[in-house]
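Notes follow once the structure below has been shown.
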Amino acid sequence: MQAFRVVLAALAFIIIAFFLCPVSDWPTAATSSTQLQLSPFTGSTVRTPTVMDLPVTTRKVTEYTLPPDLYKKAHDLGRIFFCLRLIGFVYGLIVLWLILHWKLGPKYRDRAEWCSARRFVQTLVFSPLLLLTIAVLTLPLAVYAEMVEKRFGLSVQGWSSWSWDWVKAELIQLVIGTLIIWLLYGVIRRSPRRWWVYFWLLSLPIGVFLFFIGPWMIDPLFHKFEPLQQKDPALTASLERMVQRAGENIPPERMFWMGASEKTTGLNAYVTGIGASKRIVVWDTTIAKMNIPQIVFIAGHEMGHYVLQHIPKGLIFFALLLLVLFYLGYRSVGWVLARWGTGWGIRGLDDWASLPVLLLLLSIFFFLASPVSNAFSRHLEHQADQYGLEVTHGLTPDSGQLAAQAFQVLGEVDLADPNPNPVNAFLFYDHPSISNRVRFALTYDPWAKGGHGEFVK
Numbered sequence: 195m196q197a198f199r200v201v202l203a204a205l206a207f208i209i210i211a212f213f214l215c216p217v218s219d220w221p222t223a224a225t226s227s228t229q230l231q232l233s234p235f236t237g238s239t240v241r242t243p244t245v246m247d248l249p250v251t252t253r254k255v256t257e258y259t260l261p262p263d264l265y266k267k268a269h270d271l272g273r274i275f276f277c278l279r280l281i282g283f284v285y286g287l288i289v290l291w292l293i294l295h296w297k298l299g300p301k302y303r304d305r306a307e308w309c310s311a312r313r314f315v316q317t318l319v320f321s322p323l324l325l326l327t328i329a330v331l332t333l334p335l336a337v338y339a340e341m342v343e344k345r346f347g348l349s350v351q352g353w354s355s356w357s358w359d360w361v362k363a364e365l366i367q368l369v370i371g372t373l374i375i376w377l378l379y380g381v382i383r384r385s386p387r388r389w390w391v392y393f394w395l396l397s398l399p400i401g402v403f404l405f406f407i408g409p410w411m412i413d414p415l416f417h418k419f420e421p422l423q424q425k426d427p428a429l430t431a432s433l434e435r436m437v438q439r440a441g442e443n444i445p446p447e448r449m450f451w452m453g454a455s456e457k458t459t460g461l462n463a464y465v466t467g468i469g470a471s472k473r474i475v476v477w478d479t480t481i482a483k484m485n486i487p488q489i490v491f492i493a494g495h496e497m498g499h500y501v502l503q504h505i506p507k508g509l510i511f512f513a514l515l516l517l518v519l520f521y522l523g524y525r526s527v528g529w530v531l532a533r534w535g536t537g538w539g540i541r542g543l544d545d546w547a548s549l550p551v552l553l554l555l556l557s558i559f560f561f562l563a564s565p566v567s568n569a570f571s572r573h574l575e576h577q578a579d580q581y582g583l584e585v586t587h588g589l590t591p592d593s594g595q596l597a598a599q600a601f602q603v604l605g606e607v608d609l610a611d612p613n614p615n616p617v618n619a620f621l622f623y624d625h626p627s628i629s630n631r632v633r634f635a636l637t638y639d640p641w642a643k644g645g646h647g648e649f650v651k
């Protein structure tokens with residue numbers, strides 16, 4: 195879940211998320227295995243059952259259902275957040291257009307050139323000014339999203355903690371974003387016609403490097419991690435057996451407990467990192483809500499992404515997609531600057547002030563390409579579900595029922611709509627719907643007739 199989403203988003207994240215993070219980082223159906231969506235709030239308070247309120251699902255699951263009160267909330271959340279997701283995209287474009295209309299780029303460029311004639315020093319002045327402007331202008335939407343999550347019981351994080359997380363995230367984005375902007379315009383100045391190819395080549399190792407260092411340097415800035423062996427020895431032993439059956443090498447010292455309950459009621463267990471940074475992480479909320487076999491299935495799903503080579507496949511797919519987006523940006527930015535650049539105070543493509551134009555164009559192209567990328571992601575997630583069922587078969591009495599129970603718990607806690615809007619699912623879901631995942635878990639049984647799994651023999 196979380197780990198694979200990071201990999202698939204890494205390349206696009208480099209270009210878009212550093213600049214429009216408050217909009218693009220909302221937890222939505224497009225970035226979740228369940229459907230987490232927003233609804234406008236009123237003066238009344240509606241309390242959603244939290245992890246500690248809902249009993250562990252041990253009853254037999256035949257399909258994904260919700261009681262009437264939760265169903266209404268889930269349906270409302272789905273409908274409203276679908277609209278808000280579209281509004282967020284348009285709002286992001288409006289922010290970039292206002293920056294162009296107000297000629298903030300040329301003003302920041304002039305300030306940078308006044309400070310120094312050195313391009314790197316100019317980057318250190320221009321980039322933070324522009325990135326902070328975008329962050330501040332998009333902050334209201336991020337605040338609104340957090341308020342709605344609090345109202346529906348999905349977030350329990352205090353505002354001071356949330357604000358500090360926002361500051362830390364912005365500081366990280368300023369550092370990495372400034373470096374990326376410096377590299378981008380260095381390439382543009384040296385190769386005005388082929389910059390889109392050369393910058394694409396530079397972006398690939400950056401994305402892999404960020405994914406590698408994330409578990410060590412970035413994740414601990416936002417959450418508390420402790421050895422899982424100390425918190426839950428029985429779960430650690432069960433995960434070890436699953437890892438051994440998968441043929442992977444993740445020793446107990448690389449299995450971690452994460453304190454998520456201070457900020458969210460959501461559930462997760464994931465595998466993240468590559469090479470020496472690869473590790474299994476289980477949220478404390480998951481341990482509180484699920485039993486050990488259910489957690490092992492969730493981790494088995496994540497293991498499937500590694501065993502089935504989804505990481506390199508995803509990187510190749512998104513790298514090629516990013517190359518196409520860069521090419522479209524290259525083909526269109528010249529025309530846009532020729533038509534409106536002078537009125538915006540932009541001298542040319544190699545001018546720092548042209549960055550909002552590039553971001554606006556790439557945002558549009560990335561949004562238009564999202565149905566394709568999400569369909570690819572849903573396919574891989576379905577394969578990972580299948581692998582999770584196969585790798586836990588024999589380790590648990592009924593892997594299909596346990597998987598269905600795990601999905602039922604996820605849906606109840608995260609308010610996943612049992613009948614999501616098909617257009618919403620097509621545009622924004624990067625995981626199959628919970629209803630489809632439960633249905634597959636209950637019907638996939640190649641062993642019933644003496645057969646074996648496709649991925650785990």
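So for the sequence shown, the working numbering puts the first residue at 195; every next one is plus one.
For every residue, glycine included, the Cβ atom is placed at its ideal position computed from N, Cα and C.
Between residue 556 and residue 616, the alpha-carbon positions lie close to 26 Å from each other.
Counting other Cβ atoms within 10 Å of its Cβ, residue 263 stays below 16 and is therefore classed as exposed.
Annotation: the continuous beta strand (DSSP E) that includes residue 449 extends over 449-453. When the Cα atoms are used, residue 441 and residue 334 turn out to be separated by approximately 47 Å. Residue pairing by DSSP places residue 358 in no beta bridge whatsoever.
Per the coordinates, the alpha-carbon of residue 521 lies some 36 Å from the alpha-carbon of residue 631. It is roughly 18 Å from the alpha-carbon of residue 328 to the alpha-carbon of residue 358. Here residue 328 carries a helix assignment [DSSP, helix/strand/coil]. The bridge partners DSSP lists for residue 349 are 458. By DSSP's assignment, residue 617 forms no beta bridge with any residue. The alpha carbon of residue 593 has as its nearest neighbour, out of 536, 295, 579, the alpha carbon of 579.
For residue 587, the beta-bridge partners assigned by DSSP are 590.
As for any beta strand (DSSP E) of minimum length 3 sitting wholly inside the region 470-521, the runs are 473-477, ordered along the chain.
Pairing residue 382 with residue 498, the inter-Cα distance amounts to about 40 Å. Counting along the chain, the unbroken beta strand (DSSP E) around residue 419 starts and ends at 418-421. For the options 490, 290, 566, the alpha carbon positioned closest to that of residue 619 is the one of 566. For residue 465, the enclosing beta strand (DSSP E) begins and ends at 463-466. Taking C-beta atoms as the reference points, residue 480 and residue 350 fail to come closer than 8 Å. In the DSSP assignment, residue 303 falls within the alpha helix (DSSP H) that extends over 298-309.
A Cβ-Cβ contact shorter than 8 Å links residue 417 with residue 454. The alpha-carbon separation between residue 294 and residue 559 amounts to approximately 19 Å. Annotated as proximal: residue 609 and residue 271, with beta-carbon spacing under 8 Å. For residue 444, there is no enclosing alpha helix (DSSP H), as DSSP marks it with neither H nor E. Cβ neighbours of residue 538 within its own chain (closer than 7 Å, five residues either side excluded): 294, 297. Residue 275 sits buried, since 16 or more C-beta atoms from the chains shown fall within 10 Å of its C-beta. Around the beta carbon of residue 254, fewer than 16 other beta carbons sit within 10 angstroms, so the residue counts as exposed.
Take the alpha-carbon of residue 324 and the one of residue 299: they are about 7 Å apart. The three-state reading of DSSP puts residue 566 in helix, counting H, G and I together.
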